[in-house]
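Peer 1: Just passing along the structure, written as structure tokens.
Number of protein chains: 4
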Amino acid sequence: MAEKGHNSGASATDDRLRLLIERVERLEEEKKGVADDIRDVYNEAKAVGYDVKMMRQLVRLRAMDPNDRRERDLLLETYRAALGLD
Amino acid sequence: MAEKGHNSGASATDDRLRLLIERVERLEEEKKGVADDIRDVYNEAKAVGYDVKMMRQLVRLRAMDPNDRRERDLLLETYRAALGLD
Amino acid sequence: MAEKGHNSGASATDDRLRLLIERVERLEEEKKGVADDIRDVYNEAKAVGYDVKMMRQLVRLRAMDPNDRRERDLLLETYRAALGLD
Amino acid sequence: MAEKGHNSGASATDDRLRLLIERVERLEEEKKGVADDIRDVYNEAKAVGYDVKMMRQLVRLRAMDPNDRRERDLLLETYRAALGLD
DNA sequence: GAACTTATGTCGGTGC
DNA sequence: GCACCGACATAAGTTC
């Protein structure tokens, strides 16, 4: 073979890259699993009549700092009023 | 040359593909131009003190059917109340 | 009425906001028109047998600086080889 | 109080919604944790000289079905050749 | 720290 | 009607 040594053509550098990639792949799988779980919860919610889009909005709102959230609400109200957007 | 005829290696099919691609490219340029104009308007708005994110929200709200919008507003209020999210 | 002057409740500031919003809306319409045209070209291409996803990729590749593109291609080849990803 | 029973104003429905939301929130946290781990791996890779963008591309390629991937590669080559896009 | 690029999440359209 | 896919808006990160 062209490469010296006992491996089959993969340099140490290649292995390092491969190892990193494989770590990412395992983590990506995990992430996908969790994402699927989230989708399941939303589907369950939908099945009992909740509006998924609204729920996503709620999750976002709850993640915000309460002061920021209130400030944002207020500002939006102001702008809507300015445009007569009831 | 390998190809018969007067052209320099491009088949009629190639030209058809190229033509389609070029039409897309011209349109993409146009689109980019308009997108830039939009960004300019937002920058102008920001410069006089408006909140760009709020403005985007307003544009979306105004694009909605008024009845849908009011229904959505109401539903969100209900959900927020259910969670004690003032 | 509550507001002084001749208008019906809209301050000058409100009008400025409204004007900006309306400019954005007009531009958004334009943009949508162009986006529709692009979709039409792709549909036309699909109808004569081209793969739309590939075409999108081509448009992206052609938009890149040729040197960057070749460099990127080369690097990717190297990495793929390192992983035995033919 | 307005509501009958022992709770402090939350109906059973409200609780059901809240419970669903909280499940989502826990899962979102998990997901964020995994995403952070992924970012760490990429940072580690970058620190030893790898190109992160390329690595992301590799992960995507490896996730594809090998046959699909080869077919896609081939088709793209064909199209690039048709456009003289070396 | 401000602008620009890249990554992620959401949304709407399309095909099954 | 639902799932997939592409497009857009937002958020994070990078560079000057």
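Listed in order, the protein sequences are those of chains H, U, G and F. For reference, each letter of the first sequence is one residue, going 39 to 124 in this note's numbering. For reference, each letter of the second sequence is one residue, going 39 to 124 in this note's numbering. For reference, each letter of the third sequence is one residue, going 39 to 124 in this note's numbering. For reference, each letter of the fourth sequence is one residue, going 39 to 124 in this note's numbering. We put the beta carbon where it would ideally sit given N, CA and C, even for glycine.
Which bits of chain U does Arg61 of chain G rub up against, with CB to CB less than 8 angstroms?
Peer 2: Ordered by position in chain U, the residues that pass the 8 angstroms Cβ test against Arg61 of chain G are Val79.
Peer 1: Looking at chain H, is there any beta carbon in it that lies within less than 9 angstroms of the beta carbon of Arg54 of chain F?
Peer 2: yes
Peer 1: By the three-class DSSP mapping on this structure, what secondary structure does Leu55 of chain H have?
Peer 2: Secondary structure of Leu55 of chain H (DSSP, three-state): helix.
Peer 1: How should Val85 of chain H be labelled, buried or exposed, when 16 other C-beta atoms within 10 angstroms of its C-beta is the threshold for buried?
Peer 2: Note on residue identity: the sequence assigns Ala, not Val, to residue 85 of chain H. Burial state of Ala85 of chain H is exposed, judged by a 10 Å Cβ sphere holding fewer than 16 other Cβ atoms.
Peer 1: Leaving out five residues on either side along the sequence, give the residues of the same chain with a beta carbon under 8 angstroms from the beta carbon of Arg107 of chain G.
Peer 2: Closer than 8 angstroms at the Cβ level, and outside the excluded window around Arg107 of chain G, lie Leu99.
Peer 1: Val72 of chain G by DSSP, collapsed to three states: which one?
Peer 2: helix
Peer 1: Between the alpha carbons of Gly71 of chain F and Lys69 of chain G, how many angstroms are there, rounded?
Peer 2: 38 angstroms
Peer 1: Could you give the residue range of the alpha helix (DSSP H) that holds Asp106 of chain F?
Peer 2: Annotation: the continuous alpha helix (DSSP H) that includes Asp106 of chain F extends over Pro104 to Ala120.
Peer 1: Over the uninterrupted alpha helix (DSSP H) stretch that includes Leu99 of chain G, give me the two end residues.
Peer 2: Residues Val90 to Ala101.
Peer 1: Would you check if the distance between the CB atom of Leu96 of chain G and the CB atom of Arg94 of chain F is smaller than 9 angstroms?
Peer 2: no
Peer 1: Can you give me the C-alpha to C-alpha distance between Asp53 of chain H and Arg110 of chain G, rounded to a whole angstrom?
Peer 2: 21 angstroms
Peer 1: Which chain U residues sit within Cβ distance under 7 angstroms of Lys84 of chain G?
Peer 2: In chain order: nothing, as chain U lies at least about 10 angstroms away.
Peer 1: Could you have a look at Asp78 of chain H and say whether DSSP puts it in helix, strand or coil?
Peer 2: helix
Peer 1: For Met102 of chain U, which option in G:Thr51, G:Lys91 and G:Glu63 has the closest C-alpha, if you only look at C-alpha atoms?
Peer 2: G:Glu63
Peer 1: Report the residue from F:Thr116, F:Thr51 and F:Gly122 whose alpha carbon sits nearest the alpha carbon of Met131 of chain G.
Peer 2: An answer regarding residue 131 of chain G cannot be provided, because it is not within the stretch 39 to 124 covered by chain G.
Peer 1: With a cut-off of 9 angstroms, does the C-beta of Lys91 of chain F fall near any C-beta of chain H?
Peer 2: With 9 angstroms as the cut-off, Lys91 of chain F does not count as an interface residue toward chain H.
Peer 1: Measuring alpha carbon to alpha carbon, tell me which of F:Tyr88, F:Ala50, F:Asp78 and F:Glu66 ends up nearest Asp74 of chain H.
Peer 2: F:Glu66
Peer 1: What would DSSP say about Val62 of chain U, mapped onto helix, strand or coil?
Peer 2: helix
Peer 1: Among H:Ala48, H:Arg61, H:Leu114 and H:Glu82, which residue has its Cα nearest to the Cα of Arg77 of chain F?
Peer 2: H:Arg61
Peer 1: Rounded to whole angstroms, what is the Cα-Cα separation between Tyr80 of chain U and Ala50 of chain U?
Peer 2: 45 angstroms
Peer 1: Tell me which same chain residues have a C-beta within less than 7 angstroms of the C-beta of Leu90 of chain U, skipping the five on either side of it?
Peer 2: According to the sequence shown, residue 90 of chain U is Val rather than Leu. Tyr80, Ala83 and Lys84, listed in sequence order.
Peer 1: Using the beta-carbon count (16 or more within 10 Å), is Leu112 of chain H buried or exposed?
Peer 2: Its Cβ having fewer than 16 others within 10 Å, Leu112 of chain H is exposed.
Peer 1: Out of G:Asn105, G:Leu123 and G:Pro104, which has the shortest C-alpha to C-alpha gap to Asn105 of chain F?
Peer 2: G:Leu123
Peer 1: Interface residues of chain F around Gly117 of chain U at Cβ under 8 angstroms?
Peer 2: Here residue 117 of chain U turns out to be Tyr, not Gly, going by the sequence shown. Ordered by position in chain F, the residues that pass the 8 angstroms Cβ test against Tyr117 of chain U are Leu55.
Peer 1: How many whole angstroms separate the CB atoms of Arg56 of chain F and Leu121 of chain U, which I take to be in contact at a CB cut-off of 8 angstroms?
Peer 2: 6 angstroms
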